[in-house]
Amino acid sequence: MDNVMDPELAAEMVKLLGQELKVVRSQLREAEQRTGTPASDVISTGPQFQREEALRAEVVILKVENASLREEISRLQAQTTNVPLKMEGDPSNIVVQYSASMDAIQKELADAIKEKNTAILDKEKADEQLAELTSVREKYRKLKASKRECQEVIDELRGQLELCLEEREHRESEGKVLKSDPPSFFQNTEYPTVGDQPNSSDIPIYSPIFSMGIPRTARTHCRCDGTLRLERDVVMFARAGIALGLIVRPTHQYNPQKNNGAWIRVRPDIELGQKKDLCYHDGHGWKYLGTYERTGESFLLSAEHTKKLSPPRMEAMARDTVLFRDLIPPSQMRMVEKMYWDGVLQIEMFGIRRVAYDQEFAKQLFERRKDLPKGVKDGTFSNNKRKRGFETDERHDHNRKKPSTSDININIKEESSVS
Numbered sequence: 000m001d002n003v004m005d006p007e008l009a010a011e012m013v014k015l016l017g018q019e020l021k022v023v024r025s026q027l028r029e030a031e032q033r034t035g036t037p038a039s040d041v042i043s044t045g046p047q048f049q050r051e052e053a054l055r056a057e058v059v060i061l062k063v064e065n066a067s068l069r070e071e072i073s074r075l076q077a078q079t080t081n082v083p084l085k086m087e088g089d090p091s092n093i094v095v096q097y098s099a100s101m102d103a104i105q106k107e108l109a110d111a112i113k114e115k116n117t118a119i120l121d122k123e124k125a126d127e128q129l130a131e132l133t134s135v136r137e138k139y140r141k142l143k144a145s146k147r148e149c150q151e152v153i154d155e156l157r158g159q160l161e162l163c164l165e166e167r168e169h170r171e172s173e174g175k176v177l178k179s180d181p182p183s184f185f186q187n188t189e190y191p192t193v194g195d196q197p198n199s200s201d202i203p204i205y206s207p208i209f210s211m212g213i214p215r216t217a218r219t220h221c222r223c224d225g226t227l228r229l230e231r232d233v234v235m236f237a238r239a240g241i242a243l244g245l246i247v248r249p250t251h252q253y254n255p256q257k258n259n260g261a262w263i264r265v266r267p268d269i270e271l272g273q274k275k276d277l278c279y280h281d282g283h284g285w286k287y288l289g290t291y292e293r294t295g296e297s298f299l300l301s302a303e304h305t306k307k308l309s310p311p312r313m314e315a316m317a318r319d320t321v322l323f324r325d326l327i328p329p330s331q332m333r334m335v336e337k338m339y340w341d342g343v344l345q346i347e348m349f350g351i352r353r354v355a356y357d358q359e360f361a362k363q364l365f366e367r368r369k370d371l372p373k374g375v376k377d378g379t380f381s382n383n384k385r386k387r388g389f390e391t392d393e394r395h396d397h398n399r400k401k402p403s404t405s406d407i408n409i410n411i412k413e414e415s416s417v418s
């Protein structure tokens, strides 16, 4: 018991001993009630006496322990009373410490929030960079695929070009290729009298719309082998008039949709022996020039005169060379032009001669002009008929003549020979 230093523990032990003492006393009372006499007045013998003596001895021991515990409790209480309470500072200091602690906690919380916001911003930037990187990778993948497709097209073009070169060399070796130039053609080809032919500027425009085709009603009144619809960059006329012309065409066309790109031979617009009505766009609108027939075999433009072609005519040649131009990048279009300048691709030409003028066909073309009064239309046709009486029937003009160089006044350069 002397080793018990905790007052609460000692008090608990005293409480337990008190309860045990009460139990012993209760047992003594029960024993006295059973015997009918108090324990002090009865002289017990035998086992009963021994039991009573043991209980008395236990009661004495419990009383001694109870007294000892009470003394220990008193001593511990005295020690607790004499020990001063340790308080660090006065209440104001405690408030200051609490405030300082709260400030520190708030500062740590603010720093944590700031770090969290910074981390969120860094994550957003990282997500944006990742999205940009993903987009760049996708663009790179598409560009790589496009480059691969372009390379395949270039390889196919080279293969087709080699075939064309072999075909050209084969034809040249057989002596079937005729090379000439526009001045020589105009000087050596007969055509109707120059004075009977109209100037292109005097012919009225039946449609200023470039994309307009030949109306179906006019086609039904065509009395020859069909119609031609040509722009000025693919037709050459001598300075003397529109009686004799040259159609300029590429020998081959490139089709990017056929077999992943293929070169095909260009069929002529008009075959030998055919006559067709020619609708011509002079840069301002469509005009009907008359009925033309083909003069003879086609020939290739010499390399010397190919280099003298004007850039607009060469661009038109490149456009006619490539089908479905929206599938071809501009770099390949420029490559096609360069192939013409270098003589790799060749230009084919054949002559056409004006032999008639179909009044009914022209009238149907001008029926589309809603802005012209009927009197003006009729006057236009009658003037054309009076001015060019031979044009209503080619049999009226059997006199063909070979013009002199002074009449045609053709320069060596191609641009000087085009109206």
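When we follow numbering that gives the first Met the number 0, the leftmost residue of the sequence shown carries the number 0, and every step to the right adds one. Even for Gly, the Cβ is constructed at its ideal location relative to N, Cα and C.
Taking all protein chains in view, the Cβ of residue 140 is surrounded by fewer than 16 other Cβ atoms within 10 Å, so the residue is classified as exposed.
Excluding five sequence positions before and after residue 158, none of the CB atoms of its chain fall closer than 6 angstroms to its own CB. As the crow flies, the alpha-carbon of residue 11 is around 57 angstroms from that of residue 116.
Residue nearest to residue 309 within the set 273, 336, 284 and 78 is 336 (criterion: CA-CA distance). For residue 273, there is no enclosing alpha helix (DSSP H), as DSSP gives it neither H nor E. Counting only residues of its own chain and dropping the five nearest sequence neighbours on each side, residue 302 has a CB closer than 6 angstroms to the CB of 342.
Judged by DSSP in its simplified three-state form, residue 254 adopts strand. Taking 8 angstroms as the cut-off, the beta carbon of residue 247 is found no closer than this to the beta carbon of residue 279. Under the three-pair Cβ rule at 8 angstroms, the region 289–306 does not count as touching the region 318–330. Between the beta-carbon of residue 326 and that of residue 255 there is about 5 angstroms, and that keeps the pair under the 8 angstroms contact cut. Here DSSP, grouped into helix, strand and coil, assigns residue 135 to helix. Leaving aside the five residues that flank residue 155 on each side, the residues in its chain whose CB is nearer than 7 angstroms to its CB run, in chain order, 259 and 260.
The criterion of a C-beta distance shorter than 8 angstroms is not satisfied by residue 164 and residue 229. Secondary structure at residue 308: coil, using DSSP grouped into helix, strand and coil. Assigned with DSSP and collapsed to three states, residue 210 falls in coil, not helix or strand.
Between residue 273 and residue 224, the C-beta gap is smaller than 8 angstroms, which places the two residues in contact.
Per the DSSP secondary-structure output, residue 236 pairs in a beta bridge with 244. Here residue 158 carries a helix assignment [DSSP, helix/strand/coil].
A residue is called buried once 16 or more other Cβ atoms fall within 10 Å of its Cβ, and residue 99, having fewer, is exposed. By the beta-carbon neighbour count (other beta carbons within 10 angstroms, threshold 16), residue 97 is exposed. Of 358, 314 and 102, the smallest CA-CA separation from residue 220 is found for 358. Between the beta-carbon of residue 291 and that of residue 354 there is about 7 angstroms, and that keeps the pair under the 8 angstroms contact cut. Within 10 angstroms of the beta-carbon of residue 351 lie 16 or more other beta-carbons, which makes it buried.
In the displayed model, residue 249 falls within a strand according to three-state DSSP. With respect to the 8 angstroms criterion, residue 13 and residue 69 are classified as neighbours on the basis of their beta carbons. Under the DSSP assignment, residue 226 falls in the beta strand (DSSP E) whose first and last residues are 226–230.
Secondary structure of residue 27 (DSSP, three-state): helix. Per DSSP, residue 292 is one residue of the beta strand (DSSP E) stretching across 285–293. Residue pairing of residue 348 in beta bridges, as defined by DSSP: 247 and 298. Residue 65 and residue 94 have their C-alpha atoms roughly 47 angstroms apart. Non-local beta-carbon contacts of residue 364 in its own chain, meaning distances under 6 angstroms to residues more than five positions away in sequence, involve 205, 217 and 287 in chain order.
Taking a 10 Å sphere around the C-beta of residue 76, we find fewer than 16 other C-beta atoms and assign the residue as exposed. Annotation: residue 125 to residue 136 spans about 16 angstroms, alpha carbon to alpha carbon.
In summary, residue 239 is buried, with 16 or more beta-carbon neighbours lying within 10 Å of its beta-carbon over all protein chains present.
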